[in-house]
Amino acid sequence: MAVTVETLEKLERKIKLTLPATAIQSEVESRLRKLARTVKMDGFRPGKVPMNVVAQRYGYSVHYEVMNDKVGQAFASAANEAKLRVAGQPRITESDASPEGHMAFDAVFEVFPEVKIGDLSTAEIEKVSTEVTDAAIDKTVEILRKQRRSFAQRAQDAAVQDGDRVTVDFEGKVDGEPFEGGKASDFQFIVGDGQMLKEFEDATRGMKAGESKTFPLAFPAEYHGKDVAGKTADFMVTLKKVEAAHLPEVDGALAKSLGIADSSVDGLRADIRKNLEREVKYRLLSRNKQAVMDALVSKAELELPKSSVQAEVERLVEGARADLKQRGIKDAEKAPIPEDIFRPQAERRVRLGLVVAELVRANNLSAKPEQIKAHVDELSASYEKPAEVVRWYYSDNRRMAEVEAIVVENNVTEFVLAQAKVSEKSVSFDELMAQN
């Protein structure tokens with residue numbers, strides 16, 4: 002008998018399912034007989050429990066299992082016969098109108114939408130590019146030197162200046178009362194590195210070992226310490242020690258300490274350039290991919306399945322809870338997290354996923370085995386033992402699925418860029434690296 006599909010609203014559909022009562026009862030009895038052969042109950046030997054006792058103890062749960070299985074099979078069969086692409090799980094309720102000798106159910110569910118993608122040749126996309134300059138390499142060398150700096154105590158009468166490491170005692174009070182985290186002894190920080198709030202660094206500059214000073218410090222409204230955020234504290238700081246920084250020379254010794262094979266400055270700079278170019282490539286790809294996806298979504302028309310959006314909202318909420326737990330927040334699993342704050346993000350993800358899937362299907366943009374292999378090889382190339390990293394990827398289906406998804410996104414990006422109106426824009430290395 003042909004399946005009748007009723008349209009309720011937009012993507013919502015309903016179909017009626019009927020199951021012969023005798024088939025359900027027969028399956029229940031079959032499962033109970035099978036259960037009776039192994040079930041253990043006080044007062045009976047294994048396999049010798051009377052059927053009426055087994056039915057009394059387990060009949061309800063077995064009947065529930067059979068109903069779930071049979072109704073699920075009937076729904077899957079009906080949806081397949083009607084060629085429906087079901088989104089999410091159906092809501093199945095027993096129907097009052099059951100034919101004689103049958104049990105009837107109503108299955109209400111959503112289907113995936115038809116996705117209409119407009120003319121991509123009218124999409125305007127800004128594609129950015131960046132060059133790794135000598136200045137960028139110089140800046141990286143300076144960062145590496147700073148990471149390997151050493152400190153030596155300065156003369157007793159030396160005034161603190163930027164780059165010095167200072168050791169201080171301090172205590173802060175708000176309205177005359179101390180607060181949590183506002184007091185420390187033998188606390189070290191490097192002046193000018195931004196580790197401390199600006200007022201604290203400003204107060205320390207020019208001080209000499211043995212001196213003390215009091216000063217006001219206004220905490221920003223968004224400061225992580227909730228007790229003092231937006232308030233002004235009075236601090237007393239005592240400077241105990243001043244140490245001057247010494248940066249290593251840019252020479253063969255520095256190159257050797259950084260693992261450069263030929264221990265040369267040229268080799269060091271070449272290695273830095275290679276690493277920066279790799280990072281720039283991925284950042285450009287990410288930024289241009291984002292521009293492509295924005296353009297793609299703007300050109301698509303589709304209804305969103307509510308069930309898919311809700312499932313994505315729940316995933317985002319669970320992700321937020323996991324993040325809170327990782328940060329050591331107590332009772333993170335019970336933290337009140339409003340679902341609505343994630344709904345716009347969830348809707349965008351679902352919309353983008355459906356649009357990309359349609360573009361991939363319509364234009365054969367699936368990831369090919371050679372593309373996946375090339376991407377894994379590229380990801381592994383920067384490691385000391387690439388072959389081991391390659392094996393690590395191929396040993397886990399989840400990791401390989403992530404690689405495949407990236408390759409598909411890259412294919413979509415290239416396809417859309419080839420169709421759209423693309424304007425090229427060069428951005429500085431610093432601008433690109435400053436973006437998250």
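Residues in the sequence shown are numbered from 2 upward in steps of one, following this note's numbering. Here a beta-carbon is modelled for each residue, glycine too, at the ideal position from N, C-alpha and C.
Residue i CB to nearest heavy atom of the ligand SAH below 6 Å
i	result
A204	The ligand SAH is not part of the structure shown, which contains no ligands of any sort.
Three-state class that DSSP yields for residue i in the structure shown
i	result
M68	helix
A124	coil
L9	strand
S424	strand
Q291	helix
E334	helix
V4	coil
A56	helix
I138	helix
S62	helix
D419	It is worth fixing the name first, because residue 419 is Ala in this sequence and not Asp. Correct three-state label for A419: helix.
I261	coil
T239	strand
A301	strand
V129	strand
S213	strand
Q26	helix
T414	helix
S367	coil
Q74	helix
L43	Note that residue 43 corresponds to Asp in the displayed sequence, not to Leu. Looking at D43 - three-state DSSP - the assignment turns out to be coil, as it is neither helix nor strand.
A256	helix
D228	coil
Which residues DSSP lists as bridging residue i, in chain order
i	result
S151	H247
T233	A219
A185	F171
P179	K174
R166	I191 and E244
I118	A301
Neighbour-count burial assignment, residue i, 16 or more Cβ in a 10 Å radius
i	result
L9	exposed
A88	buried
R400	exposed
D267	exposed
M208	buried
S78	exposed
R328	exposed
S424	exposed
K199	exposed
N81	exposed
I126	buried
A156	exposed
P51	exposed
E334	exposed
E359	buried
D263	exposed
E410	buried
E340	exposed
E432	exposed
V47	It is Pro, not Val, that sits at residue 47 in the sequence shown. Burial call: exposed.
D139	exposed
S429	exposed
A137	buried
N53	exposed
Range of the contiguous alpha helix (DSSP H) that encloses residue i
i	result
A204	K199 to T205
N364	R344 to N364
V310	K307 to Q327
D158	It is not in any alpha helix (DSSP H) - D158 carries neither H nor E in the DSSP assignment.
D431	F430 to A435
Q372	P370 to S381
Y395	P387 to Y395
Boundaries of the beta strand (DSSP E) in which residue i is found, first to last residue
i	result
H103	H103 to V112
V19	It is worth fixing the name first, because residue 19 is Thr in this sequence and not Val. First-last of the beta strand (DSSP E) with T19: E13 to P21.
G89	V87 to E95
Integer Cβ distance of residue i from residue j, believed to fall under 8 Å
i	j	result
V414	V293	Per the sequence shown, residue 414 should be read as Thr rather than Val. Right, the Cβ-Cβ distance comes to about 5 Å (below 8 Å), so this counts as a contact.
V109	R86	Not quite, the Cβ-Cβ distance comes to about 16 Å (not below 8 Å), so this is no contact.
Q189	T168	5 Å
L366	P114	About 20 Å separates the two Cβ atoms, so there is no contact after all.
V72	L20	7 Å
K290	L121	Not quite, the Cβ-Cβ distance comes to about 15 Å (not below 8 Å), so this is no contact.
A230	F220	6 Å
K17	A105	6 Å
G173	D235	7 Å
V377	V404	6 Å
K241	A210	7 Å
T131	I273	Wrong, their Cβ atoms sit about 15 Å apart, outside the cutoff.
A347	L317	6 Å
L277	V133	5 Å
Proximity test, Cβ basis, 7 Å: residue i and chain B
i	result
V310	Here there is only one protein chain, and chain B is not present.
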